[in-house]
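Numbering (my numbering), first residue to last: 37 to 193.
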Ligand SMILES: [Zn+2]
């Protein structure tokens, strides 16, 4: 497997909310989501902490071939949720979340998972295949349309 990582902070005034790791047979990419600047969050840890904790726990679950990427993500989400226990309100709409991309290569099999707006591209001898989560296109369409009416970097809401 050949992999290259690059990440860029979404805004110069906010910490980087991306996280990625590569192992010999696996790759995990997270794109953190958080409440807009100035809005309240139910989590005292913040999105950079969240993506670090979640990404590490996903990586821990991937080496076991009996564990699917879905199961590794599920277990990681539960474990990280428990880390907030007693200190954060995870029912708050501003609680950190993340888009997730997982790729695992076994002897004759490639497993992948995409959640939200991450794409996994696989280049094989037969060509390049793109895996995306198209469900995101159908969520909150009115709100997404309103957001895209404003140029990036403006303070308009
Ligand atoms: Zn928290």
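Beta carbons: idealized from backbone N, C-alpha and C, even for Gly.
Under 8 Å by Cβ, that's how I've got residue i and residue j pegged, so tell me the actual separation to the nearest angstrom.
i: residue 122; j: residue 78; result: Between residue 78 and residue 122 the Cβ distance is about 13 Å, and since that is not below 8 Å, they are no contact.
i: residue 115; j: residue 93; result: 5 Å
When you compare only the Cα positions, how much space is there between residue i and residue j?
i: residue 95; j: residue 120; result: 20 Å
i: residue 138; j: residue 171; result: 17 Å
i: residue 53; j: residue 40; result: 18 Å
i: residue 147; j: residue 60; result: 14 Å
i: residue 113; j: residue 163; result: 33 Å
i: residue 151; j: residue 38; result: 22 Å
i: residue 142; j: residue 187; result: 43 Å
i: residue 88; j: residue 136; result: 12 Å
i: residue 58; j: residue 140; result: 10 Å
i: residue 118; j: residue 161; result: 43 Å
i: residue 102; j: residue 134; result: 25 Å
i: residue 111; j: residue 43; result: 26 Å
i: residue 99; j: residue 159; result: 22 Å
i: residue 180; j: residue 173; result: 9 Å
i: residue 45; j: residue 51; result: 7 Å
i: residue 124; j: residue 76; result: 12 Å
i: residue 90; j: residue 109; result: 8 Å
i: residue 144; j: residue 70; result: 38 Å
Would residue i pass as a contact of residue j if the rule is Cβ separation under 7 Å?
i: residue 48; j: residue 86; result: no
i: residue 66; j: residue 55; result: yes
i: residue 83; j: residue 97; result: no
i: residue 157; j: residue 106; result: no
i: residue 176; j: residue 168; result: no
Item checked: Shell residues, 5 Å Cβ cut-off relative to heavy atoms of ligand 1 -> 79, 81, 120 and 124
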